[in-house]
Amino acid sequence: MSKLEIYQIAVLNDNYVYLAHDAETGATAVVDPAVGGPVLDALAAKSWKLTHILNTHHHADHTGANLDLKQQTDCIIVGPKADAERIPGIDVEVSDGDTYAVGNATAQVFDVPGHTRGHNAYWFADSDALFSGDTLFSMGCGRLFEGTAAQMVNSLAKFTALPDKTQVFCAHEYTQSNGRFALSVEPKNKALVDRMAEVDQLRKVGKPTVPSTIAIEKATNPFLRPSSAELQKMVGLVGADLVDVFAETRKLKDNF
Ligand code: ZN
Ligand code: FE
Numbered sequence: 059m060s061k062l063e064i065y066q067i068a069v070l071n072d073n074y075v076y077l078a079h080d081a082e083t084g085a086t087a088v089v090d091p092a093v094g095g096p097v098l099d100a101l102a103a104k105s106w107k108l109t110h111i112l113n114t115h116h117h118a119d120h121t122g123a124n125l126d127l128k129q130q131t132d133c134i135i136v137g138p139k140a141d142a143e144r145i146p147g148i149d150v151e152v153s154d155g156d157t158y159a160v161g162n163a164t165a166q167v168f169d170v171p172g173h174t175r176g177h178n179a180y181w182f183a184d185s186d187a188l189f190s191g192d193t194l195f196s197m198g199c200g201r202l203f204e205g206t207a208a209q210m211v212n213s214l215a216k217f218t219a220l221p222d223k224t225q226v227f228c229a230h231e232y233t234q235s236n237g238r239f240a241l242s243v244e245p246k247n248k249a250l251v252d253r254m255a256e257v258d259q260l261r262k263v264g265k266p267t268v269p270s271t272i273a274i275e276k277a278t279n280p281f282l283r284p285s286s287a288e289l290q291k292m293v294g295l296v297g298a299d300l301v302d303v304f305a306e307t308r309k310l311k312d313n314f
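All letters in the sequence shown, in the order written, are residues 59 to 314 by my numbering.
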């Protein structure tokens, strides 16, 4: 049982890459290394040695530096079993219900398909940290490229079952544009209005809005709120099946 130090690196247009360091053992994982240079710079600045890559899914903006970092550091690459053949250099395949240790810090693995066919999330309970990749964003969720609405609803339910204080380390800074859409479907949600004001302030000074928490997401994220009466009314599906409400909300967001 060990608490990770998490170091957030902003890369490309809007990606977040994370270093997760276990001080007890010196083990350090990088989550979804889109690019290698900024990761190596951050490792050098912290005097940390890379031991693991944790990939959530196969997209290039999450795996782009896998082979380069493996070659330079001899780290172990861990990724989704359901998509192993699309994860460059994968060494260890993990899936739902598995645990994986980075030093003395243990992650519980969730299979959360919907955005892609195979998509893992990594929950380090002792650190109150969830690495949600492109499944859950702040006030949003991933596009359904390779999965169905029902799959995504099921995936997101695994996250809402986690403790409220869980920090959500998602892979993109999409919060402000997600929030604009969220307000269009739940304009009277006070928690959402307040969060958006905070987000606007943070972005104005160039600060990250991530991590969020499960509590904040449950209160503000329309994709976790298909039972909201206001949302159901706004999408024209009062009393409908919650998967249908989710699917319609996702479709509206795709065209927003
Ligand atoms: Zn993606
Ligand atoms: Fe992405």
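Positions of the beta carbon are idealized from the N, C-alpha and C atoms, including for glycine.
In the three-state scheme derived from DSSP, where H, G and I count as helix and E and B as strand, P280 is classed as helix. Counting the other Cβ atoms within 10 Å of the Cβ of T193 gives 16 or more, which makes it buried. The beta carbon of R175 is closer than 7 Å to those of A140, D141, E204 and G205 in its chain, skipping five residues each way along the sequence.
Around the beta carbon of G155, a 10 Å sphere encloses fewer than 16 other beta carbons of the protein chains shown; the residue is thus reported as exposed.
Taking 8 Å as the cut-off, the Cβ atoms of I67 and A87 do not count as close.
Membership of A68 in the beta strand (DSSP E) is indicated by the continuous run L62 to V69. In the DSSP assignment, L112 falls within the beta strand (DSSP E) that extends over H110 to L112. The alpha-carbon separation between D252 and S285 amounts to approximately 21 Å. Within the segment 202-245, the complete alpha helix (DSSP H) segments at least 4 residues long are 207-218 and 233-243, listed from N- to C-terminus. Relative to ligand 1, the nearest heavy atom lies less than 7 Å away from the CB of G200. No heavy atom of ligand 2 is found nearer than 7 Å to the CB of H110.
A distance of 8 Å or more separates the beta carbons of P146 and L127. In this structure, N113 lies near V136, with their beta-carbon atoms less than 8 Å apart. If you draw a straight line from the Cα of Y158 to the Cα of V303, it is about 35 Å long.
Counting only runs of at least 3 residues, the segment 141-192 fully encloses the following beta strand (DSSP E) elements, listed from N- to C-terminal order: 150-152, 157-160, 163-169, 178-182 and 187-191. The residue from E275, D132 and I148 with its alpha-carbon nearest to that of P138 is I148. The beta carbon of D72 sits no closer than 7 Å to any heavy atom of ligand 1. For D80, the enclosing beta strand (DSSP E) begins and ends at N73 to D80. Within the segment 250-296, the complete alpha helix (DSSP H) runs of at least 4 residues fall at 272-278 and 287-292.
Around P280, the same chain offers A240, V243, E244, L289 and T307 as residues with beta carbons nearer than 7 Å, after the five sequence neighbours per side are excluded.
The three-state secondary structure of T83, taken from DSSP, is coil. Take H116, set aside five residues on each side of it, and the residues of its chain with a beta-carbon closer than 7 Å to its own are D141, R144, I145 and T174, in chain order. Within 10 angstroms of the beta-carbon of D132 lie fewer than 16 other beta-carbons, which makes it exposed.
For T278, the closest alpha carbon among the candidates D299, K246, G264 and A298 is that of K246. Contact annotation, S190 with F217: C-beta distance approximately 7 Å; criterion of less than 8 Å satisfied. In the DSSP annotation of this structure, the continuous segment of the alpha helix (DSSP H) that includes P96 starts and ends at G95 to K104. Scanning its chain for C-beta atoms nearer than 7 Å, with the 5 sequence neighbours on each side dropped, one finds around D80 the residues S60, L62, V160, G161, N162 and A163, in chain order.
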